[in-house]
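Numbering (this note's numbering), first residue to last: 78 to 316. Take a look at the structure below.
Next comes the structure, spelled out in structure tokens:
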């Protein structure tokens, strides 16, 4: 069993973790503070190749201004095994310059390997990455942070984040409880640090602060990062 599964098992089977979370992402620079993205992240029971699975999808809609930082409308999905809670498959279709593309990761559990296909038009780049439990797509990263025991990240935890068909070194650090982020909602604060490039489309956003609920749902309730100009922050809301 890999590290990701070990970290997820204690809490992921709780019914409170199933469902959808909705987010508003805002851009701030000086006196400007405007909504630039809305997002929904789901976690539900499903199946993968006939086997019980958990399914997570991210649906992100951006304003024209913010497309310098993030692709216009973004969709991605990841499947996890219900039996072992290991990630199984990631799929991110996109369109660029009139051509259809897709990033795919297939997580093999038998040979410790992640197969990666980056397709754009008629061209496909193929590579592999180690399936060590700490090399994850961004949706796996979301749930990794949701369910990790904070004590395991009190010192920087080395990871690799798969972005656009490439693997980037990162580390995750737990920074303690934060009861002021959302009044009346105790939270755990984490820092994701990427040493080579950030999470945004233009490569910015190397240090990302993430807050998760300390309650049973373990929802991600907020995020913030500095960009090349200005900053962005996200907050959870109820539709």
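A virtual CB, placed ideally from N, CA and C, is assigned to each residue, including glycine.
Check                                                                                                               : Outcome
Sequence-distant residues of the same chain with beta carbon closer than 6 Å to residue 136, five excluded per side : 117 and 152
Run of the alpha helix (DSSP H) containing residue 218, from where it starts to where it stops                      : 215-224
Strand pairing of residue 172, partner residues [DSSP]                                                              : 177
Residue 122 vs residue 162 beta-carbon contact at 8 Å                                                               : no
Through-space distance from residue 115 to residue 307, alpha-carbon basis                                          : 18 Å
Euclidean distance between Cα positions of residue 155 and residue 184                                              : 10 Å
Cross-strand partners of residue 294 (DSSP beta bridge)                                                             : For residue 294, which the question treats as bridged, DSSP gives no partner whatsoever.
Straight-line gap, residue 288 to residue 258 (C-alpha atoms, nearest Å)                                            : 8 Å
Chain D contact for residue 111 (CB, 8 Å cutoff)                                                                    : Annotation note: the requested chain D is absent from the structure, which comprises a single protein chain.
Three-state secondary structure assigned by DSSP to residue 80                                                      : Reliability of the predicted coordinates at residue 80 is poor, the pLDDT of 40 falling under 50, and the value obtained from them is presented with this limitation in mind. Three-state result, residue 80: helix.
Top-ranked residue by Cα proximity to residue 210, from 140, 105, 238 and 103                                       : 238
Euclidean distance between Cα positions of residue 130 and residue 203                                              : 26 Å
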